Structures are given as structure tokens and as C-alpha cells.
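Number of protein chains: 2
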Amino acid sequence: MNLSVYLARRQQRVNSFLEGCVPATLQPEKLAHAMRYSLLSDGKRVRPILAIAACEAVGGQIARVLPFAGALEMIHAYSLIHDDLPAMDDDDLRRGRPTNHIVFGEGMAILAGDALLTEAFRVMGEATARAGGRQGAAVEALVEIAKAAGAHGMVGGQVADISAEGTVPDLPMVEFIHVRKTGALIRAAVRSGALLGGARPRQLQHLTRYGELIGLAFQVADDILDAEAPSAFTGKNTGRDRERQKATFPAVLGLPAAKDHARSLLADALETLVPFGPRAEPLAEIAHFVVGRAC
Amino acid sequence: MNLSVYLARRQQRVNSFLEGCVPATLQPEKLAHAMRYSLLSDGKRVRPILAIAACEAVGGQIARVLPFAGALEMIHAYSLIHDDLPAMDDDDLRRGRPTNHIVFGEGMAILAGDALLTEAFRVMGEATARAGGRQGAAVEALVEIAKAAGAHGMVGGQVADISAEGTVPDLPMVEFIHVRKTGALIRAAVRSGALLGGARPRQLQHLTRYGELIGLAFQVADDILDAEAPSAFTGKNTGRDRERQKATFPAVLGLPAAKDHARSLLADALETLVPFGPRAEPLAEIAHFVVGRAC
Chain A
587 MNLSVYLARR QQRVNSFLEG CVPATLQPEK LAHAMRYSLL SDGKRVRPIL
637 AIAACEAVGG QIARVLPFAG ALEMIHAYSL IHDDLPAMDD DDLRRGRPTN
687 HIVFGEGMAI LAGDALLTEA FRVMGEATAR AGGRQGAAVE ALVEIAKAAG
737 AHGMVGGQVA DISAEGTVPD LPMVEFIHVR KTGALIRAAV RSGALLGGAR
787 PRQLQHLTRY GELIGLAFQV ADDILDAEAP SAFTGKNTGR DRERQKATFP
837 AVLGLPAAKD HARSLLADAL ETLVPFGPRA EPLAEIAHFV VGRAC
Chain B
587 MNLSVYLARR QQRVNSFLEG CVPATLQPEK LAHAMRYSLL SDGKRVRPIL
637 AIAACEAVGG QIARVLPFAG ALEMIHAYSL IHDDLPAMDD DDLRRGRPTN
687 HIVFGEGMAI LAGDALLTEA FRVMGEATAR AGGRQGAAVE ALVEIAKAAG
737 AHGMVGGQVA DISAEGTVPD LPMVEFIHVR KTGALIRAAV RSGALLGGAR
787 PRQLQHLTRY GELIGLAFQV ADDILDAEAP SAFTGKNTGR DRERQKATFP
837 AVLGLPAAKD HARSLLADAL ETLVPFGPRA EPLAEIAHFV VGRAC
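As given, the protein sequences belong to chains A and B, one line each in that order. Using the working numbering, the letters of the first sequence map in sequence onto residues 587 to 881. Using the working numbering, the letters of the second sequence map in sequence onto residues 587 to 881.
Structure, rendered in C-alpha cells:
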């Protein structure tokens, strides 16, 4: 299969859907601008595409998963806006452009993030209301995503990350942070896609493991890129993790071992996909892509 | 009926429920502290009690509405934390105590708000999953609350409020702001309670109108209190609206006309309750209480 065609088509579906979630006509206009600036920027749409690919791997239709895929991206966009704030990571560059608060001011950036998070649940709720006989799976997917984004997941991970700054990180601490901060939402993307696609329990189990492995691999790769790649390549200021003594995999393992770790996570992730046959090819390709960026 | 007994019993139910939503054992500990500081503080629980009273007015059971009532308070608590931030209203006193960011720092306050908002949807989602034959009404209530809290509701209102600072406010602007910033969530509290209680369409229509009127009355009363009452009475710094040239009802109408407006909204709200008979007594008492604080 041709991954770039697969990705491009699904990115397009996700982007059109997101355009409709936060239309340019939304009032107040300033809020619409700030939300759209971060949501509709040039992202890879990794989480939405993982949800879609997981749904397709179990034979489900894209239309069922699309609102949840869009909601995952809205939650991701909100988390980036808030993470970049001066009171958090204080970053001024993201995806090659000034961060949200640099353009719109801190107050508006906080509110744009709040609105994106809330609208994500509005979108999932509306899709659930329309889900007919599949309402149970839709509710389950919504809960899955809420848990992954909340205090036990992404927000908890960000708190642990900020608290760890300046301390001497060890591997358990780095894994605690990353499982929550990045891993949980990626796992939820895969699981929600599988649930909405009608996965059987055994399939859900395999895909859950895939999601966990790929979530961790994604973060290890990000850490490696931050340590190695020039800003022009990543679209954000790199080398910041070291400056801020962030708890990262390269910091505790060293770069070569971090790369080995990423490659080993990739191998394990690919193994979980074997029972799905060719239907899981996109998921396998995405796993290669995630790790390949950095190794 | 004895409103203080009615309120005290329901406040107690809501408080026990909220205690379970954000347990002290939640990790990371710092996040649990910051969330609990604002959520479990000494609030009136107006939104949860409106939801419960609306549910009871149509003959519904408290147990059905309780998770949604709790979620409404979590959303309210998050909005207060974020509104008080230096980048927004920059308040250091709330309910007689230092605001969240004064105690926990800005970064943690932003994250505690994010977590409360997300957990609110987790709680509603989990209740919806357990709702059995009433799942449709539960999904509808969740969507109702998401819409009221998001870009078209509370967040949109806060954006308009911040944007209006320093301009010369007129009545349409003040109403635009307040309908969204405070009114939408209060309306959603009443409507979600009614939906979960099994309201018939005509009942829902009356209670929607009640929610709109009481939402507006609540904000007019708050504006009057800010202009008139000493800080010791309200537990927050008063007179701040005038200082910041906020768009308020007293600012555009003058104090006596603002009080007339509040009393007239109260009269209209009471009229919407006539068809419900004695079952709506708590809603009537709450309306009296809301306006009585200020007039």
C-alpha cells in the first residue's frame, strides 16, 4: 500500500471535518480566529488517523469514527496551546509558526484551548446522539477519550512533567510522565477507533497493546528529535528539553539506547498487528513512520 | 417548604458526589490538591441544585441527575479558576480565600481547570454509559451542557467580556455577554435536569424559559452585589467591575433600574413555574434567593 496516499486522503477528510467544527463564522470572531489558528494549522493528524486506521483494521466505516477522530485532534490542539503558555513550557514557536499566545495574547490562548476542549466533547456528544444502535460503543469511546485526556491521563502527565523539571530524571519517572502525557491519548485514539469499528474483545486487546507501544514510541522519537534535529526540521525550537532539564528518554538512556528503545517498541507494535492481516497495513506503516522520523 | 433544609440536603448530596469525582488519592498529588481546593470549597452549588430541582419538578429521581449536577459544578469551578488568572480578570480573592493560581501557581491553576473540565465530561460519559433505557436523555443532557460551556456559550461570553473592557457598554452588549457567560450554563443546568427527569416537551419549554430568566437575574444580581456589597459579604474583591470598566447592568442602567430589572426577571421566572404546582416550589425559592441577595 501507498502510505502517503492513504494518509493524504484521511488527512483531507479530517481537515474538512475540523473546518466544520469551528467555522470561520463563529462568534466572537476573535475566538474563532484563535481556535482556527491552532486547529487548522499544518499538523500530521496522527491521532485522528490512528483512530480511523484502527476502525478500518476491524472492518469499520470512516464515517462512524470521523467525529471522534476530529475530537481527538481538537483535544490535541488545546493541549499544545496550553502547554506552550508562559506559565508552562513557554514556547514561542510551534509547527514553524508563532505559538497561539504570541499571536492572540495569553488570555485568548487560554480561552481558545478551553473552547477547543469543550467543543471536542460537544462534537462527540452530537455524534453519540446520532449513533442509533451503536450508541453504546460511541459512549464508550467518549469515556475512553475523556479518561485519557484528564487528570489520570494527559493533564496528569503534564503536571508530572512540569514538577520533574530540574530534578534528576530516572527511567520510571520518564515512563510515568510519557505514558500519561502522550501515550494515553494515542492509546485512546486507537481504542476508540477499534470500539467504533465494532472490534471483538480479542481484537480490542491487540489494538490496545499496539496503541500503548506506539504511544511510547512516538514520545521516544519526539525526545530524540528534540535532542538531535534542527528547528527547521521540526517546526519548533529544539534542544529545549536539555535546556530545561526535562525528563526525557535520551536524558536517562543516552541517545543510542533511546534509539534502540524506539526500534524495539516498533518491532513489538508490528507484532500485535499480525492477526489482522492486510487490513492493518496502515497501522503498520504509521508505526514505521512514527519511529522512522527519529531513527 | 423550608428552602434552607432543601438546599442543605441537596448540597450535601452534591458535595459527597464531588468528593468521589476528585478523590484525595488522585495522582499526581499536586494536581489533586489544586482541583480539590477550588471544587470542594464552600460554594452555593447553584447550578447542581437547579439541575436537581428541575429534575424533581417533573417527577424525576435525584440519582439520575446527580452526575450531571456534579459535572456542572466541575465546569463552574474550572471557569472560575481560569477567569481569575492574571491573563484574564487577575483576581486574588474568591469565596473568601486566595484564588487558585495564588496558592498553586499559574501553570498548576491552568492545568487544574483543564482537568476539572475534562473530568466533568468523563463523569457525564460514565453516567450515560450506565443510563440503560434512558441513554438518549443522558446524551442529550451532555450535549446541552457542552454547548452551553463552549465557544457559543460560556467561553464565548468570557471572550466578549474581556474584549468589552474599556469600551463604553450598552444594554445589547451587556446582554450578549451575560446570556453566554453566565446564562447559558444556568439554562443548561435547568434543561439537563428536566431532560433527565423525563420532562414532556411542554414542560421542557417552560423550564427552558425559567432557566433563561433566572440565568439573567443571577448575573444582574451579581453585578449589583459587585457594585454595592463589601468584600466581606461576597467573599471576593468587590467594586472591581467599575475599576475595570466592565460591561455590567448597573453600568448601563444605573443601580435603581438594575434592581427593577432583576425584580422583573424574578416575576417572569415565577410565572413560568405556575403549571408545575407545588413540585416547583424549590425552583421558585431558588429564584427568590438569587434575586433577594441583591435587591
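Idealized CB from N, CA, C, for every residue including glycine. Remember, it's a predicted structure, so these values are computed and weren't measured experimentally.
In the DSSP assignment, P684 (chain B) forms a beta bridge with B:L679. Taking D854 (chain B) as the centre and dropping the five residues before and after it, the same chain places the C-beta of L799 closer than 7 Å to its C-beta, in chain order.
Interface flag for V765 (chain A) against chain B is unset, since no Cβ pair is found closer than 8 Å. Going by C-alpha positions, A706 (chain B) is about 15 Å away from L617 (chain B). Within the region 760-806 of chain B, the runs of alpha helix (DSSP H) at least 4 residues long that lie entirely inside it are, in chain order, 770-782. As the crow flies, the alpha-carbon of Y796 (chain A) is around 51 Å from that of L869 (chain B).
Of all residues in the region 718-748 of chain A, only Q721, V725, E726, L728, V729, A732, K733, A735, G736, A737, V741, G742, Q744, V745, A746 and I748 come within less than 7 Å of chain B when Cβ atoms are compared, listed by chain position. Between R680 (chain B) and Y623 (chain B), the alpha-carbon positions lie close to 11 Å from each other. Here the C-alpha atom of N823 (chain A) lies approximately 11 Å from the C-alpha atom of L811 (chain A). Distances from the CA of E615 (chain B) to each of A:A866, A:V745, A:V689 and A:G693 were compared; the closest alpha carbon is that of A:V745. With contact defined as three or more Cβ pairs closer than 8 Å, the region 658-675 of chain A and the region 632-646 of chain A are in contact. DSSP, reduced to helix, strand and coil, places M674 (chain B) outside both helices and strands of the structure shown, so it counts as coil. Contact between R650 (chain B) and R720 (chain B) is confirmed by a C-beta separation of about 7 Å, below the 8 Å threshold. Segment contact: the region 752-772 of chain A against the region 708-723 of chain B, fewer than three CB-CB distances shorter than 8 Å; contact not assigned. Residue environment analysis places N588 (chain B) among the exposed positions, since fewer than 16 neighbouring C-beta atoms fall within 10 angstroms of its C-beta. Contact holds between the region 694-706 of chain B and the region 731-741 of chain A, because three or more Cβ pairs, one in each stretch, are under 8 Å apart.
Secondary structure of H662 (chain B) (DSSP, three-state): helix. Contact between the region 803-810 of chain A and the region 780-794 of chain A is absent: fewer than 3 CB-CB pairs across the two stretches fall below 8 Å. Contact of Q831 (chain A) with chain B is not assigned, every C-beta pair being separated by 8 Å or more. CA-to-CA, the gap between H847 (chain A) and K832 (chain B) works out to about 55 Å. By the CB criterion at 8 Å, V760 (chain B) and T834 (chain B) fall inside the cutoff. Rounded to whole angstroms, V776 (chain B) and A866 (chain B) show a C-alpha spacing of 12 Å. Taking the CA atoms as reference points, T858 (chain B) sits about 38 Å from G693 (chain A). If you ignore the 5 residues before and after D628 (chain B), its C-beta comes within less than 7 Å of the C-beta of R681, all in its own chain and listed in chain order. DSSP places K733 (chain B) in the uninterrupted alpha helix (DSSP H) bounded by Q721 to A735. Between the beta-carbon of R773 (chain A) and that of A724 (chain A) there is about 18 Å, and that puts the pair past the 8 Å contact cut. Chain-order list of chain A residues neighbouring H668 (chain B): I696 and D700, by C-beta distance under 7 Å. The beta-carbon of M759 (chain A) is placed no less than 8 Å from the nearest beta-carbon of chain B. Spatial neighbours of I688 (chain B) in its own chain (CB-CB distance under 6 Å, excluding positions within 5 residues in sequence) are listed in chain order as D678. With respect to R708 (chain B), A732 (chain A) sits close: the two C-beta atoms are nearer than 8 Å. For V877 (chain B), same chain residues with a beta-carbon under 6 Å away, outside a window of 5 residues either side, are A803, A807, A848 and L852 in chain order. With a cutoff of 8 Å on beta-carbon distance, A785 (chain B) and V644 (chain B) are scored as near each other.
Taking 8 Å as the upper bound for CB-CB distance, G699 (chain B) and I667 (chain B) are in contact here, some 4 Å apart.
At least 8 Å separates the beta-carbon of A639 (chain A) from that of F690 (chain A).
Distance check between K630 (chain A) and each of A:S590, A:D669, A:Q789 and A:L612 places A:S590 closest, using alpha-carbon atoms only. At a cut-off of 8 Å between C-beta atoms, A715 (chain B) counts as an interface residue with respect to chain A.
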